[in-house]
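Student: Each number in my numbering corresponds to the 1-based position in the sequence shown with 148 added.
Sharing a structure here in structure tokens format.
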Amino acid sequence: MTDDVLAVHGGTPLNGRVRVRGAKNLVSKAMVASVLGDSPSKLYDVPNIRDVEVVTGLLELHGVRVSKGETEGELIFDPSNVESASTDEINVHAGSSRIPILFCGPLLHRLGHAFIPDLGGCHIGPRPIDFHIQALRQFGAVVDKAPEGMHLTAPNGLHGTKFELPYPSVGATEQVLLTAVLAEGVTELRNAAVEPEIMDLICILQKMGAIITVHTDRVIEIQGVKRLGGYSHRPIPDRIEAASWAAAALATRGDITVLGAQQADMGTFLNVFRSIGGQFEVTDTLPPNETRPGREGGIRFWHPGIELTAVALETDVHPGFATDWQQPLVVALTQARGISIVHETVYEQRLGYTESLNTMGATIQTYRDCLGGTPCRFGRRNFHHSAVIAGPSKLHAADLVIPDLRAGFSHLIAALAAEGTSRVYGVDLIKRGYENFETKLSDLGANVERV
Ligand code: EPU
Numbered sequence: 149m150t151d152d153v154l155a156v157h158g159g160t161p162l163n164g165r166v167r168v169r170g171a172k173n174l175v176s177k178a179m180v181a182s183v184l185g186d187s188p189s190k191l192y193d194v195p196n197i198r199d200v201e202v203v204t205g206l207l208e209l210h211g212v213r214v215s216k217g218e219t220e221g222e223l224i225f226d227p228s229n230v231e232s233a234s235t236d237e238i239n240v241h242a243g244s245s246r247i248p249i250l251f252c253g254p255l256l257h258r259l260g261h262a263f264i265p266d267l268g269g270c271h272i273g274p275r276p277i278d279f280h281i282q283a284l285r286q287f288g289a290v291v292d293k294a295p296e297g298m299h300l301t302a303p304n305g306l307h308g309t310k311f312e313l314p315y316p317s318v319g320a321t322e323q324v325l326l327t328a329v330l331a332e333g334v335t336e337l338r339n340a341a342v343e344p345e346i347m348d349l350i351c352i353l354q355k356m357g358a359i360i361t362v363h364t365d366r367v368i369e370i371q372g373v374k375r376l377g378g379y380s381h382r383p384i385p386d387r388i389e390a391a392s393w394a395a396a397a398l399a400t401r402g403d404i405t406v407l408g409a410q411q412a413d414m415g416t417f418l419n420v421f422r423s424i425g426g427q428f429e430v431t432d433t434l435p436p437n438e439t440r441p442g443r444e445g446g447i448r449f450w451h452p453g454i455e456l457t458a459v460a461l462e463t464d465v466h467p468g469f470a471t472d473w474q475q476p477l478v479v480a481l482t483q484a485r486g487i488s489i490v491h492e493t494v495y496e497q498r499l500g501y502t503e504s505l506n507t508m509g510a511t512i513q514t515y516r517d518c519l520g521g522t523p524c525r526f527g528r529r530n531f532h533h534s535a536v537i538a539g540p541s542k543l544h545a546a547d548l549v550i551p552d553l554r555a556g557f558s559h560l561i562a563a564l565a566a567e568g569t570s571r572v573y574g575v576d577l578i579k580r581g582y583e584n585f586e587t588k589l590s591d592l593g594a595n596v597e598r599v
């Protein structure tokens with residue numbers, strides 16, 4: 149008996165309202181950015197998720213005082229006394245998140261040295277950090293890899309540089325931004341990622357005093373400045389969580405309003421959702437009786453009541469279809485008539501979870517070939533990165549083990565869509581990125597219980 153197991157009594161449509169807060173993939177980076185300031189920063193609408201706990205722990209170890217603000221979800225970071233932490237203390241966080249790698253630039257600027265533990269995060273491919281290390285070395289950092297982690301120093305300071313990413317990596321773009329803002333001189337980053345979370349991080353850095361220009365063709369130019377202050381910021385809402393609930397509505401034949409969801413960041417998802425037959429309505433004001441603080445409006449997503457249509461889609465960097473939208477939506481695609489094709493071009497091993505869906509009655513086959521219109525980096529490299537989904541399939545209950553965050557949520561949706569009682573093992577992994585997901589599920593009428 150373990151309390152990390154959820155019994156899901158499926159077969160009931162999810163109906164009701166949930167609210168998304170600040171985007172997980174922005175909030176954690178915003179917290180790291182606070183180290184760069186010489187005065188306190190304030191972040192609103194921070195979700196209560198495991199990644200926030202991990203970054204809070206790392207900030208506190210480095211002398212940043214983290215306290216709660218006046219409103220729910222408001223955090224204040226005081227970096228007045230940034231200090232070194234011991235390797236042992238830092239290593240408590242080894243394997244728990246990928247965010248620690250982003251402390252390199254800020255700690256080098258503040259302390260002249262940094263230690264980064266082994267990274268964690270979801271097991272969705274090798275997830276190398278070679279771009280990060282190459283960029284840091286070009287700024288002038290000396291990087292020593294050791295069995296316990298990575299030691300960095302900057303004996304001659306950090307200097308602006310020209311760097312072209314081999315692929316528009318989100319993390320490596322953030323690494324360059326967080327390092328370049330206080331480096332001496334100008335940095336030019338080519339082939340940068342331009343995800344909405346990166347644009348929001350740029351807004352934060354600009355509030356702190358940075359000078360950053362986003363040019364056309366994925367070029368970002370950063371003029372180093374001598375000092376940065378604190379920021380006060382309300383993050384963009386979590387477009388990935390919003391899409392996860394949208395997929396849940398479609399897969400369970402339900403009707404979910406996601407308060408806080410923002411159309412502008414979800415355009416590509418909404419197009420695909422509509423192509424499958426999903427209905428949505430964007431509202432710009434709060435529904436009656438909704439008085440909680442946060443962004444106004446949201447998006448209502450619902451099943452059309454008629455058969456869904458198969459689609460072909462390809463994941464890509466922004467403004468393409470986000471890889472993190474893929475797994476939840478595939479569950480809905482098992483319910484669509486015809487053959488759907490999904491070509492995953494961001495991660496080489498992000499389709500393993502489809503085996504679990506097959507044990508529930510889905511018909512999904514994965515291929516090494518690039519089945520989308522564009523050949524990607526993973527074609528001919530022996531990775532099963534394309535999926536063909538034949539539907540509609542009647543899903544039945546099964547015992548499922550959660551492999552990673554987004555696939556985990558897709559397992560949950562599948563269990564909710566299936567007839568019978570499924571046992572979902574390892575659900576605590578979902579807390580890494582979905583705040584209060586069990587309460588939200590109950591609010592939507594799901595019949596779930598810890599066993
Ligand atoms: N890559 C390299 N070398 C590097 C860095 C990346 O080869 O040094 C490759 C990766 O292996 C991958 C591709 O580049 O194939 C894209 O990786 P990226 O660096 O963009 O991903 P990330 O920064 O590690 C963030 C999100 C992910 C999201 C990706 C892509 C955070 C904390 N994580 O990861 O989110 O899938 O961008 O949009 O921001 C999630 O939220 O569940 C999640 C996995």
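Note that CB positions come from ideal geometry on N, CA and C, so glycine has one too.
Please read all numbers here as calculations on a predicted model, not as lab measurements.
#1: Under the criterion of a Cβ to heavy atom distance below 7 angstroms, does residue 455 qualify as lining ligand 1?
#2: Which of the three DSSP states is assigned to residue 395 in this structure?
#3: Quick check: is any heavy atom of ligand 1 less than 7 angstroms from the C-beta of residue 402?
#4: Tell me whether residue 500 counts as near ligand 1, meaning its Cβ is closer than 7 angstroms to at least one heavy atom of that ligand.
#5: Look at the alpha carbon of residue 442 and the alpha carbon of residue 193, and state the distance between them as a whole number of angstroms.
#6: Who are residue 294's beta bridge partners in DSSP?
#7: Taking the alpha-carbon positions, what's the residue 400 to residue 324 distance?
#8: Quick test of the definition: if touching needs 3 or more C-beta pairs under 8 angstroms, does the segment 225-234 touch the segment 242-250?
#9: Is residue 247 near ligand 1, going by C-beta to nearest heavy atom under 7 angstroms?
#10: How long is the line joining the alpha carbons of residue 267 and residue 588, rounded to whole angstroms?
#11: Would you tell me roughly how many angstroms separate the C-alpha atoms of residue 513 and residue 161, rounded to the nearest one?
#12: So does the segment 523-533 actually touch the segment 474-481, counting three or more Cβ pairs closer than 8 angstroms?
#13: Indicate whether residue 352 and residue 318 have their beta-carbon atoms separated by less than 8 angstroms.
#14: Considering only the beta carbon of each residue, do residue 396 and residue 414 sit closer than 8 angstroms?
#15: Measure the C-alpha to C-alpha separation of residue 535 and residue 500 and round it to an integer number of angstroms.
#16: What separation, rounded to the nearest whole angstrom, lies between the Cα atoms of residue 405 and residue 591?
#17: For residue 368, collect the residues of the same chain with a Cβ closer than 6 angstroms to its Cβ; drop the 5 residues on either side in sequence, then sort them by chain order.
#18: Locate the alpha helix (DSSP H) running through residue 327, then write down its first and last residues.
#19: Taking the alpha carbon of residue 469 as the point to measure from, which residue in 562, 167, 381, 343 has its own alpha carbon closest?
#20: When the Cα atoms are used, what is the spatial distance from residue 218 to residue 566?
Tutor: Quick answer:
#1: Sequence index remark: in the sequence shown, residue 455 carries index 307 (1-based). False, no ligand heavy atom lies under 7 angstroms from that Cβ.
#2: Walking along the sequence shown from the start, residue 395 turns up at place 247. Here residue 395 sits in helix by DSSP.
#3: Mapped onto the sequence shown, residue 402 falls at position 254. No.
#4: Translated into the one-based positions of the sequence shown, residue 500 becomes position 352. Incorrect: residue 500 has no Cβ contact closer than 7 angstroms to ligand 1.
#5: Taking the first residue of the sequence shown as position 1, residue 442 is located at position 294. Taking the first residue of the sequence shown as position 1, residue 193 is located at position 45. In this prediction, residue 442 has a pLDDT of 47, which is less than 50 and means its spatial position is unreliable; nothing more can be read from the coordinates.
#6: Counted from its first residue, the sequence shown places residue 294 at position 146. Looking at the DSSP assignment, residue 294 forms a beta bridge with 297.
#7: Counted from its first residue, the sequence shown places residue 400 at position 252. Counted from its first residue, the sequence shown places residue 324 at position 176. Rounded to the nearest angstrom, the two C-alpha atoms are 42 angstroms apart.
#8: Contact between the segment 225-234 and the segment 242-250 is absent, because fewer than three Cβ pairs lie under 8 angstroms.
#9: Along the sequence shown, one-based indexing puts residue 247 at 99. Yes - ligand 1 has a heavy atom lying nearer than 7 angstroms to the Cβ of residue 247.
#10: Position 119 of the sequence shown, counting from 1, holds the residue named residue 267. Position 440 of the sequence shown, counting from 1, holds the residue named residue 588. Each residue's CA atom was taken as its position, placing residue 267 and residue 588 some 30 angstroms apart.
#11: The residue labelled residue 513 in the question sits at position 365 within the sequence shown. The residue labelled residue 161 in the question sits at position 13 within the sequence shown. Whole-angstrom Cα-Cα distance: 27 angstroms.
#12: Between the segment 523-533 and the segment 474-481 there are fewer than three C-beta pairs closer than 8 angstroms, too few to call the two in contact.
#13: Counting from 1 along the sequence shown, the entry for residue 352 is found at position 204. Counting from 1 along the sequence shown, the entry for residue 318 is found at position 170. Going by C-beta atoms, residue 352 is not nearer than 8 angstroms to residue 318.
#14: Along the sequence shown, read from residue 1 onward, the residue named residue 396 stands at position 248. Along the sequence shown, read from residue 1 onward, the residue named residue 414 stands at position 266. Cβ distance not < 8 angstroms, so residue 396 and residue 414 don't count as in contact.
#15: As a working mapping, residue 535 is identified with position 387 in the sequence shown. As a working mapping, residue 500 is identified with position 352 in the sequence shown. So the two alpha carbons sit approximately 10 angstroms from each other.
#16: Within the sequence shown, numbered from 1, the residue matching residue 405 stands at position 257. Within the sequence shown, numbered from 1, the residue matching residue 591 stands at position 443. Spanning the two alpha carbons is a distance of roughly 12 angstroms.
#17: On the sequence shown, position 220 is the one that residue 368 refers to. Counting only residues of its own chain and dropping the five nearest sequence neighbours on each side, residue 368 has a CB closer than 6 angstroms to the CB of 337, 340, 362.
#18: To locate residue 327, count along the sequence shown from 1; it is residue 179. Element bounds for residue 327: 318-328.
#19: Numbered from its first residue, the sequence shown carries residue 469 at position 321. For residue 469, the closest C-alpha among the options 562, 167, 381, 343 is that of 343.
#20: On the sequence shown, residue 218 is found 70 positions in, with the first residue counted as 1. On the sequence shown, residue 566 is found 418 positions in, with the first residue counted as 1. As the crow flies, the alpha-carbon of residue 218 is around 42 angstroms from that of residue 566.
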